[in-house]
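A short worksheet on the structure shown next.
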Amino acid sequence: MTTSITYTRAQLIDALSHEYGYICQESPDDDDMTHAEYLDFVHSLTDEQLVDESGSDNIVEYISLYS
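Our numbering numbers the first residue of the sequence shown as 31 and each following residue consecutively.
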């Protein structure tokens, strides 16, 4: 019997948000979006685009790492 691990859109957005905050803190650029702008951006994406934005082949692991 295999177990399917699932995630929600909200979990993925939360992980993306945390990763973005970490990246901006570690390597800030003058042209970075604010955190609020980035959240608006990711909320406008489709589920498939959110997965692409993560750049990860293992979304469950990605969510675990950045949540």
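Built from N, CA and C at the ideal position, the CB exists for glycine as well. Here the structure is a predicted model, which means the values were calculated and not measured.
In whole angstroms, what separates the C-alpha of residue i from that of residue j?
i	j	result
Asp44	Tyr52	12 angstroms
Asp77	Arg39	7 angstroms
Tyr50	Tyr68	8 angstroms
Asp82	Val72	11 angstroms
Met31	Asp59	The predicted position of Met31 is uncertain, since its pLDDT is 47 and thus under 50; a value taken from the coordinates is nonetheless stated next. Using only the alpha carbons, I get a separation of about 48 angstroms.
Cys54	Ala66	13 angstroms
To which residues of the same chain is residue i closer than 7 angstroms at the C-beta, ignoring the five residues directly before and after it?
i	result
Tyr92	Ala45, Ser84 and Ser86
Under DSSP, the alpha helix (DSSP H) around residue i begins and ends at which residues?
i	result
Gly51	Arg39 to Glu56
Asp77	Asp77 to Ser84
Ser94	Ile89 to Tyr96
Below 8 angstroms CB to CB, which residues in the same chain sit around residue i once its five sequence neighbours on both sides are set aside?
i	result
Gln41	Ile93 and Ser97
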